[in-house]
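A.B. asks: Here the protein sequences come in this chain order: H and C.
Residues in the first sequence are numbered from 1 upward in steps of one, following this note's numbering.
Residues in the second sequence are numbered from 1001 upward in steps of one, following this note's numbering.
Glycine included, every Cβ here is placed at the ideal spot set by N, Cα and C.
As the structure is a prediction and not an experimental result, all values here were calculated from the model.
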Amino acid sequence: MNAAAKPGLIGQSVTRKEDGPLLRGQGKFAADINFPNQLYMRVVRSTYAHGNIVSIDLAPALAITGVVAAWSFTDVADIPPIDFRLTRLEQLAAYRQTILAKDKVRYVGDPVAVVFAEDPYLAEDAAEHVVVEIEELPVILHADGKIGEFRDGLPTETALIEKGYGDVDGAFASAHAVVSLSLSIGRHSGVPMETRGAIGRYIAETDMLEMYGAAKVPHWNRDQLAKMFGRTAANTNLFEGHVGGGFGIRGEMYPEDVLVCLAALRLGRPVKWIEDRREHLIAANHSRQQTHHIRAAIDRDGNILAIDNEFFHDQGGYMRTHAATVPDLAAAMLPGPYRIPAYRVLGHIRLTNKTPGGTYRAPGRYESTFVRERLLDAVAARVGISGVEVRRRNLIATSEMPVTRALETLGTDIVLDSGDYPKLLDKALNGIGWDDLQTQITSRRKAGELVGSGVAMFVEKSGLGPFDDVRINVGTDGLVEVVTGAASVGQGVETVIAQICAEKLGASYDNVSVIHGQTNRIARGLGAFASRVSVMTGEATRQAALKLRDKALAAAAELMQLTADQLDVVDGEIVRLDGGTGPSMTLGEIAKALEPGGNLVGDGEPGLFAEASFESKHMTYPYGVHVAFVSLARDTGGISVERYLVAYDIGKAINPMLVDGQIVGGVAQGIGGALYEEFTYDDRGEPLAVTFADYLMPTAREVPDVEVIISEDAPSPLNPMGLKGAGEGGTNAVGAAIAAAIDDALGQPGAITQLPVSPQHVKALLNAKV
Amino acid sequence: MKPAPFTRHVPRTVDEVVSALAEFAPLDGRILAGGQSLVPIMAFRMARPAHLIDINEVEGLDRLAVDGDYLSIGARVRHGAFHKPVIDGPLGKLLAFVVSHIAHYPIRMRGTFCGSLAHADPASEWCLVAATLDAQLVVKSVRGDRIVDVTDFLEGIMSTSLAEDEFLAEARLPLLPDDTKFGFYEFSRRAGDFAMSAALVTYRLVDGVITDACVGIGGAEDRARRIPEAENVLNGQAPSPELFVAAGEAAATAIEPLEDAQTTAEYRRDLVRAVTRRALERSTQ
Ligand SMILES: Cc1cc2nc3c(=O)[nH]c(=O)nc-3n(C[C@H](O)[C@H](O)[C@H](O)COP(=O)(O)OP(=O)(O)OC[C@H]3O[C@@H](n4cnc5c(N)ncnc54)[C@H](O)[C@@H]3O)c2cc1C
């Protein structure tokens, strides 16, 4: 595609900068990184879900030739537990995970020891020789059951989340009717194609500790590692290579990251760890598992007067880096796009003897959207109106925007910044051809088929601050380098940032390169999560690019003896606005003139560069509509998603092709959680889904062609380009929309109360009806 | 997910295979065919054979040919060999239809027909084909050769009557009369997964009524097998939707369903009812 710089590059589906090396097989993922003389780490994991560690004997492993070291907790007792990155609550600190289990194991997969050996096969052999004796304890597998003891009288209910506003009790007392539901969402998670990996390296001569295989939040992890080891950030660096998917779980700080770095420091050799898939499915963050008991007070027309919700969040064995983030978001975002006059939520964060949890694409929202939208459908059924109508009646009107919810999450107050929710609903219904679809449904049902449709709506959040920094530098060769503190988990950061930079600066897209995830290149950075990069890094880039343009024009004006307002930058060249000819200049030549000792002084600082910092206290709130059309097989209970549509308003799409990709990929993951993926356990806490034969990811055969409507009705007022993030809207409402469609196909309103829905469950519902 | 240490042996002839088996089977040796079942379980260290006898370079084992009234399938013949009909007539079509349900393309290019039988997964499509069509299996060892009926070969979940020093050299599928009708249907949650239940039916129509009905069910019990109760419902009757429902009912009643954490016995019966009827319906299309 022609990617020449011209105004309007923002908004074009230019091809991705990232694709060249990836398509040529030149990607460099964690496992591709090697250093001479490196050791391989293998983690010995608990095979018990809960137990006291009686003894750990490392000697048989150490006796094997080629095994260099082996550690259990006593060897790493000086390293503090892994701290919280987000949504810290002080009382949660006691539940953090140490890098090796101290005296108890709390899930199958809990790291109890590590071995370091000359090759990965040997390391795995040696790990089998570590003798771990564990005295098994009773397990807790249900977050809504009895509260147990974490240790020393600390309850497994680690915290309560309480939020709300308005007179909930009053609303229920005077309600026309109350609708109550109990709903649950299954345990599943982001399962990136690339498993985790980390390579630690210590360079003694410069006292530099390095970690490769970083992702998502390299700067935060750098600061933490430095703190845990008593080092400084200046002599600790993290490097992100290609990352084969993040989805929230990849790149958080885990015990293994700390262990490879510690080993590199102590053993004086590079240490490599690459997670295998079985480990990944039991050791990397799980997510989603919640049970909600929700009630709505309604009037006779189906208007919601109040919502009261109590839920139980199954956090697994420890509180990890996200602390209370997921349940907090579930609680705060539950009201969604509706006018809920009064709201109260009580969330119980409970530990269980399962893999610890963290965020997964649309964290807390996949869950609470399922719950809220099931509630809306139940309200519709109660008052005898359609799912579409009940939503129309309760949607916040554009005239009410911005709406301040008296709710707070991620350190910000929720202010729905802009939106035309009813208009997007219309767009979605038109897009799917709703009336035709209903006609088709009627005729297919007449022919004996079980088919149905469902609609779900949601509000997402994006662009979490508080800041992002960008530095743009133009080399004397005219090449433009944008250094960011962002991270790329494969979502196209380089492309989007280059588009903004190229357009605002007037450079050619092909000449812009974007640096991310390198802690030695920029002092601070927040990384990639919460659909924040396009908004935060994007706006910082815009500002820096404009500054740089001004600087270049001022310099050019001086050299060309014109004024800056007579000039423009196009494709990296300075041109006269009046079309006049004469000697022209390139950005590279200006950079050369501004070099120390060059023939220009500019604003005093040598070089052609600019920096900008964008700060934002509030998030932006994109919103969306999902429409699902499913058919069910009467005899097998088989579920097929025949059509799926997402309409998503993100204010302004920098690159619609990338937004489309985000949405389609997100829907696939949402379908996973709705119909296929589940981490199941037996009653001793033994995980049953430890391979892809049992943890069912939907494939191209299960995911329909997703119909995508990218809408730009409601630019965010919080940044000049009007940006809102696009990363999570594809996933958010899939569980909700599919549940509604299955209900409809079954002809049993409210039948689906838990995810994932299996054919066996559908068949049982069908059998029960007969 | 790195296998435990093992030694690989690479025989060139069937004689070398069986003598290697005789030598190494007692020392925890096994055949390596396509590796599509064995290698993953070795990676999990759920299997840790000390010796692998790799048959992938043995001459002649890729033979796939008609010998008299049966089709001979050598131990190196891959699933992918059946993507297009290997012979004219219903058997070639049947195998080509069934093979597309086995796993995914890359796996089909390595996994072998005989390896599937030796592995004896209850949901294996080839086990179902072998059971439904009354295959015979050529088993070799240094002690001599024997020919085993499939019913005596498949013993249970991942279990066969092969002795540890025995090699499944060839499978023989009887050719089907040209007027044979067949239908296959399997149900799994995702395309390419092992079937939660599968049915294969063959029969002939003589004077408008079904004769020689064979109804095989896989994935529902500990091994694939023919279900005489369902065959009896069909034989002598004209095909009809009601008859197919009745045959499905008979199959569902006759089986002893496998239960596991994900699948109840009741659901497995539901599936057998469904796949049998659907396979029969496909036979008429
Ligand atoms: C993701 C995935 C999905 C799959 N889905 C399906 C599916 O839907 N249906 C299906 O049927 N299969 C499926 N398979 C299994 C696949 O078909 C295997 O190829 C097959 O089961 C075994 O054949 P193989 O040649 O690969 O045997 P190997 O893996 O090499 O061997 C399997 C076992 O049989 C023994 N063995 C092999 N050949 C012989 C022989 N000639 N004599 C004696 N012993 C022998 C080996 O010692 C070993 O114990 C799947 C596999 C994967 C990885």
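Does the count of Cβ pairs from the region 330 to 346 of chain H and the region 396 to 414 of chain H closer than 8 Å reach three?
C.D. replies: Counting Cβ pairs under 8 Å, three or more are found: they touch.
A.B. asks: Any C-beta of chain C sitting closer than 8 Å to the C-beta of R196/H?
C.D. replies: no
A.B. asks: Check for me: the alpha helix (DSSP H) holding I1041/C runs from which residue to which?
C.D. replies: 1038 to 1043
A.B. asks: Just mark Y1105/C as buried or exposed, buried being the case when its beta carbon has 16 or more other beta carbons within 10 Å.
C.D. replies: Looking at its Cβ environment, which holds fewer than 16 other Cβ atoms inside 10 Å, Y1105/C is exposed.
A.B. asks: Counting only C-beta atoms, is L1094/C closer than 8 Å to chain H at any point?
C.D. replies: no
A.B. asks: Considering only C-alpha positions, which residue in the set L1061/C, I1055/C, E1186/C is nearest to R1282/C?
C.D. replies: Ranking L1061/C, I1055/C, E1186/C by Cα distance to R1282/C puts E1186/C first.
A.B. asks: Can we count L987/C as close to ligand 1, meaning its CB is less than 7 Å from some heavy atom?
C.D. replies: The structure shown does not extend to residue 987/C, since chain C spans only 1001 to 1285, so no value can be given for it.
A.B. asks: Pop quiz: A296/H and L375/H are said to be a contact at Cβ under 8 Å. What is the actual Cβ separation, rounded to whole angstroms?
C.D. replies: 5 Å
A.B. asks: What first and last residue would you give for the beta strand (DSSP E) that runs through G51/H?
C.D. replies: 51 to 57
A.B. asks: Using the Cα positions of K6/H and A502/H, report the straight-line distance between them to the nearest angstrom.
C.D. replies: Because the pLDDT of K6/H is 48, which lies under 50, any placement of that residue in the model is unreliable, and the number read from its coordinates should be weighed accordingly. Cα to Cα, the separation comes out at about 8 Å.
A.B. asks: Cα-Cα, which of P1241/C, V1077/C, A1265/C is closest to D1222/C?
C.D. replies: A1265/C
A.B. asks: Mind the definition here: the region 504 to 516 of chain H touches the region 24 to 32 of chain H only if three or more C-beta pairs lie below 8 Å; say whether that holds.
C.D. replies: no
A.B. asks: Would you call the CB atoms of I515/H and R542/H closer than 8 Å?
C.D. replies: no
A.B. asks: According to DSSP, which residues form a beta bridge with N237/H?
C.D. replies: E210/H
A.B. asks: Would the beta-carbon of H1119/C be found less than 7 Å away from any heavy atom of ligand 1?
C.D. replies: yes
A.B. asks: Taking the DSSP output, what are the residues bridged to E615/H?
C.D. replies: F467/H
A.B. asks: Which partner residues does N1021/C have in the DSSP bridge list?
C.D. replies: According to the sequence as given, residue 1021/C is Leu; it is not Asn. DSSP, once it has assigned bridges, lists no residue as partnering L1021/C.
A.B. asks: Can you round the beta-carbon distance between F116/H and A123/H to whole angstroms, since I take them to be within the 8 Å contact cut?
C.D. replies: Rounded, the Cβ-Cβ distance is 7 Å, consistent with contact.
A.B. asks: Less than 8 Å between the beta carbons of G213/H and A233/H, yes or no?
C.D. replies: no
A.B. asks: Could you tell me if the beta carbon of G1115/C falls within a distance shorter than 7 Å of some heavy atom in ligand 3?
C.D. replies: Ligand 3 is not part of this structure, which contains only ligand 1.
A.B. asks: Rounded to the nearest angstrom, how far is the Cβ of T398/H from that of G419/H, given a contact under 8 Å?
C.D. replies: 7 Å
A.B. asks: Secondary structure at R1008/C, three-state DSSP: helix, strand or coil?
C.D. replies: strand
A.B. asks: DSSP has I1210/C in a bridge; who is on the other side?
C.D. replies: L1205/C
A.B. asks: Closest to E686/H by C-alpha separation, out of L22/H, R45/H, K17/H, would be which residue?
C.D. replies: R45/H
A.B. asks: Would you mind telling me which residues of chain H sit closer than 9 Å to T1284/C, beta carbon to beta carbon, in chain order?
C.D. replies: Ordered by position in chain H, no residue passes the 9 Å Cβ test against T1284/C, which lies about 17 Å from the chain.
A.B. asks: With burial defined as no fewer than 16 other Cβ atoms inside 10 Å of the residue's Cβ, what is the status of N581/H: buried or exposed?
C.D. replies: One point to set straight first is that residue 581/H is Thr, not Asn, in the sequence displayed. So T581/H counts as exposed.
A.B. asks: Please specify which runs of the beta strand (DSSP E), each continuous and at least 3 residues long, are wholly inside the region 435 to 505 of chain H, giving them in chain order.
C.D. replies: 450 to 459, 467 to 474, 480 to 484
A.B. asks: Check each residue of the region 1184 to 1207 of chain C: if its Cβ is closer than 9 Å to any Cβ of chain H, include it; give the result in chain order.
C.D. replies: F1187, R1189, R1190, A1191, G1192, D1193, F1194, M1196, S1197
A.B. asks: Hey, would you say F692/H sits closer than 8 Å to R277/H, going by beta carbons?
C.D. replies: yes
A.B. asks: What's the gap between the Cα of L37/H and the Cα of P80/H?
C.D. replies: With the sequence shown as reference, residue 37/H is identified as Asn, and Leu is not the correct amino acid for it. N37/H and P80/H have their C-alpha atoms some 29 Å from each other.
A.B. asks: Using three-state DSSP, classify M228/H as helix, strand or coil.
C.D. replies: helix
A.B. asks: So, does the region 1173 to 1183 of chain C touch the region 1067 to 1076 of chain C, judging by three or more C-beta pairs under 8 Å?
C.D. replies: yes
A.B. asks: Just checking my contact of L429/H with V496/H at CB under 8 Å: how many whole Å lie between their CB atoms?
C.D. replies: The pair is not a contact, with the Cβ atoms about 30 Å apart (cut-off 8 Å).
A.B. asks: Quick check: the Cα distance between N2/H and T158/H, rounded to an integer number of angstroms?
C.D. replies: Its pLDDT being 39, under 50, N2/H is placed unreliably in this model, and the coordinates cannot settle the point.
A.B. asks: Checking 8 Å against the spacing of the C-beta atoms, do T412/H and D468/H come in under that value?
C.D. replies: No. Outside cutoff.
A.B. asks: List the DSSP bridge partners of T409/H.
C.D. replies: Beta-bridge pairing links T409/H to T412/H.
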